[in-house]
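Novice: To start, I am sharing the structure in question, which I have written as structure tokens.
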Amino acid sequence: MPEPASFDPVAVLAERFRAAIARAFPEAADADPMITASRQANLGDFQSNAAMPLAKRLGKKPREIAEAIVRNADLGDVAEPLTKDSIAGPGFINLRLRADTLGALLSRLDSPDLGLPPVEHPQTVVVDLMGVNLAKQMHVGHLRSPIIGDALARTLERLGHRVIRQNHVGDWGLPIAMVTARLRRLAAAGTIDLSRITLDDLDRAYAAAQAECKRDLEGLAAARRFGQGPKALAELEEQVMGAEAAFAEARQTLVKLQAHDPETFAVWQRIADVTMQVCLATCERLHVNVTAEHSAGESSYAAELAPMVADLVSRGIAEESEGALVVRLEDPAYGGIKEPCIVRKTDGGFLYATTDVAAIRRRVQKLGADRLIYVIDARQNLHLRQVYGASLRAGYAINPRSGKPAEFQHAAFGMILGDDGRPFKTRTGDNVKLADLLEETVERAERAVAQRAGEREIPASERRAIAEAVGIAAIKHADLCNDRIKDYVFSFDRMLAFEGNTGPYLLYALVRIRSIFRNADAASQAAAPAATLALREAGEKSLGLALLRYPAVVRSVGESLEPHRLVQYLFDLASAFSAFYDACPVLKAETEALRQSRLRLCHLTARVLADGLGILGIPTLERM
RNA sequence: GCCCCCGUAGCUCAGAUGGAUAGAGCAACGGAUUUCUAAUCCGUUGGUCGCUGGUUCGAGUCCAGCCGGGGGCGCCA
9 MPEPASFDPV AVLAERFRAA IARAFPEAAD ADPMITASRQ ANLGDFQSNA AMPLAKRLGK
69 KPREIAEAIV RNADLGDVAE PLTKDSIAGP GFINLRLRAD TLGALLSRLD SPDLGLPPVE
129 HPQTVVVDLM GVNLAKQMHV GHLRSPIIGD ALARTLERLG HRVIRQNHVG DWGLPIAMVT
189 ARLRRLAAAG TIDLSRITLD DLDRAYAAAQ AECKRDLEGL AAARRFGQGP KALAELEEQV
249 MGAEAAFAEA RQTLVKLQAH DPETFAVWQR IADVTMQVCL ATCERLHVNV TAEHSAGESS
309 YAAELAPMVA DLVSRGIAEE SEGALVVRLE DPAYGGIKEP CIVRKTDGGF LYATTDVAAI
369 RRRVQKLGAD RLIYVIDARQ NLHLRQVYGA SLRAGYAINP RSGKPAEFQH AAFGMILGDD
429 GRPFKTRTGD NVKLADLLEE TVERAERAVA QRAGEREIPA SERRAIAEAV GIAAIKHADL
489 CNDRIKDYVF SFDRMLAFEG NTGPYLLYAL VRIRSIFRNA DAASQAAAPA ATLALREAGE
549 KSLGLALLRY PAVVRSVGES LEPHRLVQYL FDLASAFSAF YDACPVLKAE TEALRQSRLR
609 LCHLTARVLA DGLGILGIPT LERM
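Rendered as structure tokens:
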């Protein structure tokens, strides 16, 4: 029997209760001890809810069961002695850890890995995140995927898994060919200089190319039907003819791109370089670990699509339907989805679903993924289930090493809304540029920092650095603190507030601890990490109990892919620290032993806070 | 029409495998400071958990049906 994680009071108590239940009711020795942290501190530190389900199973009164468990429990060295008074309500058993046990558990947690050694069986996890499109300015819609995706990737890395980030760049297909065609034409005419072009220019070119290719055939038909004048008709006809020409040019360009025609390809490459430069710079500013090596654009799959679809056809996985090729997914084994996955259009062209199936094939077959995580907005849910279902049916999603299907998880997220409850836009209804949003956040943070610096003098350069960290922490925290599936309302004021569950509050808690250590003498600093922990006061105890929860919380994020659980935990921890800080002097503690104990508690708290913020990808500070 | 998601305090939101009197933060009100950084802490006020049934000793949580909001649904990405 492996020793339960020795720092974890829940595991230790569960072990003792399991033994007690086995002694009291050998016929139910497998029952779950149901140990959880108490909701209210006045009732106890932990509780066991095991008596109620056991009562049902054994046909006895829950109160009697609880009494029998209490009689048979051997907790002497772990918790305060149990009595009849420990049993409350229908049969809850309340537990209070012994002060020395809490100290002992904490000193075990205070190890290099903070209770999170690398998992025994590491998985290869592919995280699909970011997903920018070429020639499109980054806006608020691009904020969530990198922030959430990076936090999840870091969580899994921290747990010891092998994580491969994949930035599935939208860099191929007819829309990109349209811009490429337009830019090539304008460059040839000398209207633009490709070497000096910016992403804003590309963004405008993209919109213009879309517009010029838009064939208003319905408009023309309607004009005829409603008997519009010959002049209006002629205008529309001309427009349609122009669009036909532009469309044809775009198709030709796509063919040239696919053939790697040097001149066309150079224009495309320029578009890619300009876009990715902005994308990667944004990631860097956001402290998001996505770099050039994580890019896996749609273009990188282009050559694989035709052979892959041929494979699907030859094995009878794809079938023809109304001229298109589809993979049917009605079978529950493939998701039980009514809508089939279309992998080839009637005109022979491939779709984004085709590329996404190819991506799963590469991720599982070549990269060895055991687990596929998509950090993409919630609207893509059906599409992703279709693509995964098709890959499953084709066998592409079966990991060749384990022989098992790679686990599929859509870490879906909601929209960012303005304070009117509608999608976040500028007053004029345009998308908010991501770079502008970050800049405004940091500027507001800088004003707040200056305002709160008080009499402390902070050099301008450091003030700027503090504002940068505070602003980025605020924006990332705001994105991570709620259940990701929900929409949230963007508010500078709320995220930059220094009260409540905000990024600045968490940074401040850490800064206060670091400040204590700056004020401590060298001898204390050196001795603190090994001091004997003695937790007597309420503030110390609740901080200690909060610290012990850390590893379980990180593991739960690894499973649920819900970073807000860690954010909520860090807020609880920071709150517990703040209450401790208020009530328990550290450097001015009454005795040297107490001073050392509290210093160690501070040291451990700082390590957990920093580790947790690191997992979330939130930058920290020494001073603010 | 079918499918997915959401609905909890005035506001913003937590509530894992069903467990005690549903919790935070903000706002409002009242306290604490010769500060180890008050960007803090302590307290008070505030709820028909969208509605109705069902399962259960026990439902915010599970099931069914409604209501309200958002999104998606064969050849756009």
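Under the numbering used here, think of the first position of the first sequence as 9, with each following residue one higher. Cβ coordinates follow ideal geometry from the N, Cα and C atoms, glycine included.
When you compare only the Cα positions, how much space is there between residue 365 and residue 316?
Specialist: Straight-line Cα distance between these residues: approximately 9 angstroms.
Novice: Please give me, in chain order, every unbroken run of the beta strand (DSSP E) with length at least 3 that falls completely inside the stretch 401 to 488.
Specialist: If we require 3 residues or more, the beta strand (DSSP E) runs fully inside the stretch 401 to 488 come out as 415 to 418.
Novice: Please state if the CB of residue 625 and the CB of residue 162 are separated by a distance shorter than 7 angstroms.
Specialist: Yes, these two residues count as a Cβ contact at 7 angstroms.
Novice: Going by alpha carbons, who is nearest to residue 522 out of 505, 487, 629, 281?
Specialist: The candidate whose alpha carbon is nearest that of residue 522 is 629.
Novice: For the beta strand (DSSP E) that contains residue 62, what are its first and last residues?
Specialist: Element bounds for residue 62: not the beta strand (DSSP E) but the alpha helix (DSSP H), 59 to 66.
Novice: Just to confirm my understanding: we take residue 26, look at its own chain, exclude 5 residues before and 5 after, and list those with CB closer than 6 angstroms. What are they?
Specialist: Excluding residues within five positions, the ones whose Cβ falls inside 6 angstroms are 41.
Novice: Within the same chain, show all residues whose beta-carbon is closer than 7 angstroms to that of residue 168, passing over the 5 residues directly before and after it, in chain order.
Specialist: Excluding sequence neighbours, residue 168 sits near 126, 127, 130.
Novice: Have a look at residue 386 and residue 441 and give me their C-alpha separation to the nearest angstrom.
Specialist: Distance between the alpha carbons of residue 386 and residue 441: 22 angstroms.
Novice: Give the straight-line distance between the Cα atoms of residue 210 and residue 279, rounded to the nearest whole angstrom.
Specialist: Their backbone Cα atoms lie some 7 angstroms apart in a straight line.
Novice: Count the other CB atoms, across all protein chains shown, that sit within 10 Å of the CB of residue 102; report buried if there are 16 or more and exposed otherwise.
Specialist: Buried, because 16 or more other Cβ atoms sit within 10 Å of the Cβ of residue 102.
Novice: If you follow the alpha helix (DSSP H) that residue 132 is part of, which residue opens it and which one closes it?
Specialist: Not the alpha helix (DSSP H): residue 132 falls in the beta strand (DSSP E), residues 132 to 136.
Novice: Considering only residues of the stretch 288 to 371, which uninterrupted alpha helix (DSSP H) runs meet the minimum length of 4 residues and lie entirely inside it, listed in chain order?
Specialist: 310 to 322, 360 to 369, all fully within the stretch 288 to 371.
Novice: How about the stretch 456 to 471 and the stretch 524 to 544: do they share at least three Cβ pairs that are nearer than 8 angstroms?
Specialist: Contact fails: fewer than three Cβ-Cβ distances are below 8 angstroms.
Novice: Across which residues does DSSP place residue 54 in a beta bridge pair?
Specialist: Answer is 45, 103, bridged to residue 54.
Novice: For residue 175, list the residues DSSP reports as bridge partners.
Specialist: Looking at the DSSP assignment, residue 175 forms a beta bridge with 303.
Novice: Just reading off the alpha helix (DSSP H) that residue 524 is part of, what are its end residues?
Specialist: Residue 524 -> alpha helix (DSSP H) spans 511 to 527.
Novice: Less than 7 angstroms between the C-beta atoms of residue 289 and residue 174, yes or no?
Specialist: Contact: no.
Novice: To which residues of the same chain is residue 419 closer than 7 angstroms at the C-beta, ignoring the five residues directly before and after it?
Specialist: If we look at residue 419 and ignore the five residues flanking it on each side, its Cβ neighbours are 156, 160, 381, 382, 383, 492, 569.
Novice: Quick one: using the 10 Å Cβ neighbour count with 16 as the cut-off for buried, is residue 486 buried or exposed?
Specialist: By the neighbour-count rule (16 or more Cβ atoms within 10 Å), residue 486 is buried.
Novice: Rounded to the nearest angstrom, what separates residue 11 and residue 49 at their Cα positions?
Specialist: The pLDDT assigned to residue 11 is 45, lower than 50, so where the model puts this residue is not dependable; a value taken from the coordinates is nonetheless given after this. Each residue's alpha carbon lies about 28 angstroms from the other.
Novice: Please check the pair residue 4 and residue 437, which I expect to be a contact at CB under 8 angstroms, by giving their CB distance rounded to whole angstroms.
Specialist: With the chain represented from 9 up to 632, any question about residue 4 goes unanswered, as that position is not in the structure.
Novice: When burial is assigned at 16 or more other CB atoms within 10 Å of the CB, is residue 242 buried or exposed?
Specialist: Exposed, by the Cβ-count rule.
Novice: Who are residue 626's beta bridge partners in DSSP?
Specialist: Residue 626 pairs with nothing; no bridge assigned.
Novice: Examine the Cβ distances between the stretch 371 to 378 and the stretch 328 to 346 and report whether three or more of them are shorter than 8 angstroms.
Specialist: Flag = no, the stretch 371 to 378 and the stretch 328 to 346 do not touch.
Novice: By Cβ distance below 7 angstroms, which residues in the same chain neighbour residue 115 in space, the five residues on each side in sequence not counted?
Specialist: Once the five neighbours on either side are set aside, the close Cβ partners of residue 115 are 541.
Novice: Using the rule of at least 16 other Cβ atoms within 10 Å of the residue's Cβ for burial, across every protein chain shown, is residue 323 buried or exposed?
Specialist: It is exposed - the Cβ of residue 323 has fewer than 16 other Cβ atoms within 10 Å.
Novice: Count the other CB atoms within 10 Å of the CB of residue 213; is the residue buried (16 or more) or exposed (fewer)?
Specialist: Its Cβ being crowded by 16 or more others within 10 Å, residue 213 is buried.
Novice: Going by C-alpha distance, which of 263, 318, 351, 272 is nearest residue 192?
Specialist: Checking every option, the nearest Cα to that of residue 192 belongs to 272.
Novice: State whether the stretch 171 to 187 contacts the stretch 260 to 267, with contact taken as three or more CB pairs (one from each stretch) at a distance under 8 angstroms.
Specialist: Enough Cβ pairs lie closer than 8 angstroms, so yes.
Novice: Does the structure place the stretch 355 to 363 close enough to the stretch 129 to 147 that three or more beta carbon pairs sit under 8 angstroms?
Specialist: No: the two stretches stay apart, fewer than three of their Cβ pairs being nearer than 8 angstroms.
Novice: When you compare the CB positions of residue 573 and residue 564, do they come within less than 7 angstroms of one another, or not?
Specialist: Yes, they are a contact pair.
Novice: Can you have a look at residue 614 and say buried or exposed, based on whether 16 or more other CB atoms are within 10 angstroms of its CB?
Specialist: Result: buried.
Novice: When the Cα of residue 179 is compared with those of 171, 164, 144, 151, which residue comes out closest?
Specialist: Closest by alpha carbon: 144.
Novice: Give me the Cα-Cα distance between residue 410 and residue 499, rounded to the nearest whole angstrom.
Specialist: Approximately 46 angstroms between the Cα atoms of the pair.
Novice: Let me check understanding here. Comparing Cα to Cα, which of 461, 287, 105, 79 lies closest to residue 95?
Specialist: When only C-alpha atoms are compared, the closest one is 79.
Novice: Which residues in the same chain as residue 627 place their Cβ atom closer than 7 angstroms to its Cβ, once the five residues preceding and following it in sequence are excluded?
Specialist: Contacts found: 295, 477, 480, 481.
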